[in-house]
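Right, one structure below, let's go through it.
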Amino acid sequence: MAVTMEKIVSLCKRRGFIFQSSDIYGGINACYDYGPLGVELKNNVKSFWWRSMVYAHENVVGLDAAILMHPRVWEASGHVAGFSDPLVDCKVCKQRFREDEIDPEKLQVKQCPKCGNKNALTDARQFNLMFKTSMGPVEEKGSEVYLRPETAQGIYVNYRNVLDSSRQKIPFGIAQIGKAFRNEITPGNFIFRTREFEQMEMQYFVKPGDDLEAFEMWKERRKAWYTALGIKADNLRFHEHGKDELAHYAKAAFDIEYNYPIGWKELEGVHNRTDFDLSRHQEYSGKDLTYFEEATRERFLPYIVETSAGVDRTVLTCLVDAYEEQQLDSEMRTVLHLSPAVAPVKAAVFPLVKKDGMPEIALKITEDLKKDLLVFYDAGGAVGRRYRRQDEAGTPYCITVDSQTLEDETVTIRDRDTMEQERFPMKGIKQEIMRRIQNRSQ
Ligand code: ATP
């Protein structure tokens, strides 16, 4: 059965992955809260990214810059003048749309996509997507600051600091994970497009002329990262930006797209930004941002290759890609085939029944596992129902203590995907679970 966005939303609420923000007040549009399972999944995605970008590359280092930055940053970056989308209003139903998202035939006759009235749409005007606030106790001209609409600028303005303090040489990269805010005109599709979200960005500084090779390298590595995360290769593709789609600063841009229930959409952008960013910051700050290469005695302004992914969009991708409804003999099972690397709970431990010392043994196993893994002890209800609950949560392994355990100190490990159960000695259970997680997380 095909996965739909509604099914994902409903599973997320039911199992505590994701809730509408401020739910008891009727919710606030396009903001979401991550529940107990969601925060684990999200943290695991971020850690999988961090390990693969920072730990796996000796020439990539991390950064955590402030959300609020000097307002001049956003003038230099071009966001004050140009970070806008064309907005049109419907004069009849008062809905707002992004002009570039309206069917061109409808746009021609100014027909509203919502209420269908013709000649109802206003002319487009540019709407800046940055959230503005003010710093300090007095709201006055000059106290305005912005909630950053991307994490990238925090990296550019720290490029000199990192270079001077980390003994890196070009080529090198700076990676950052953090919140970004955009006052989107048409947010929606659950966590696909929200007004507050997180980005995982890496900016790679290279010598001009080496940019094409670096661009190709990161394009391939980033696509491979998603398959390592467990995403099906058939659901991923590249989309190259045509001349009309390219941002003013970009020499080349590819989106990594995913086949969502709402169609193929951008999951991550890989951009060759040339020396646009550093030259602008050099101009606006008056600071020399050139790099001196010892080996060639050359001085140049580095080019930047950017990989920019959304944390929330990756979480959504993991959920959509992992979701399956299976018709079993007597019932329907909903299962999330999440990679053990990102699955919120790694193993559940059950006593088959609440007697004969089984709960005590199961609790002892839980105590031991929980020193290294997030595990869940559950003694409530029929064991079949307990398995189903873990299937829906994406838990890869269930360990059950049964009557045979009392005789020979073995337990069963049930695999979420095959539903097969195997017996293992209780003593080596932790190593066995760790080994399985490791094997399936590469
Ligand atoms: P779009 O064309 O979808 O508006 P964009 O091209 O503006 O996206 P980028 O500025 O390249 O997006 O941002 C990089 C990544 O950040 C995107 O690929 C996406 O994963 C994520 N992202 C951007 N905007 C949002 C949003 N409003 N909500 C959730 N994630 C977002």
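In terms of my numbering, the sequence shown opens at residue 42 and continues consecutively.
Glycine included, C-beta positions come from ideal geometry on N, C-alpha and C.
Residue i CB to nearest heavy atom of the ligand ATP below 7 Å
i           : result
residue 513 : Outside the displayed span of the chain (42 to 483) sits residue 513, for which this structure offers no information.
residue 458 : no
residue 238 : yes
residue 350 : yes
residue 353 : yes
residue 234 : yes
residue 572 : What the structure shows of the chain is the stretch from 42 to 483, and residue 572 is not part of that stretch, so it cannot be assessed.
residue 157 : no
residue 309 : yes
residue 223 : yes
Beta-carbon proximity list for residue i, same chain, < 8 Å, skipping 5 on both sides
i           : result
residue 427 : 389, 391, 419, 421, 439
residue 306 : 233, 298, 299
Per DSSP, cross-strand counterpart(s) of residue i
i           : result
residue 310 : 296, 349
residue 192 : In the DSSP output, where bridge partners are listed per residue, residue 192 has none listed.
residue 388 : 416, 438
residue 109 : 188
residue 305 : 300
residue 126 : 168
residue 104 : 217
residue 241 : 218, 350
residue 173 : 187
residue 280 : 296
residue 247 : 344
residue 462 : 455
residue 74  : 60
residue 317 : Residue 317 pairs with nothing; no bridge assigned.
6 Å Cβ shell around residue i - same chain, five flanking residues per side excluded
i           : result
residue 395 : 420
residue 74  : 60, 62
residue 90  : 241
residue 295 : 260, 279, 281, 311
Local Cβ density within 10 Å of residue i, reported as buried at 16 or more and exposed below that
i           : result
residue 263 : buried
residue 238 : buried
residue 65  : exposed
residue 83  : buried
residue 150 : exposed
residue 260 : buried
residue 373 : exposed
residue 69  : exposed
residue 437 : buried
residue 413 : exposed
residue 309 : buried
Residues of its chain near residue i, where Cβ-Cβ distance is below 7 Å and the 5 sequence neighbours each way are ignored
i           : result
residue 404 : 418
Residue-chain proximity (residue i, chain C), Cβ-Cβ < 8 Å
i           : result
residue 136 : In the structure shown, chain C cannot be found, because there is only a single protein chain.
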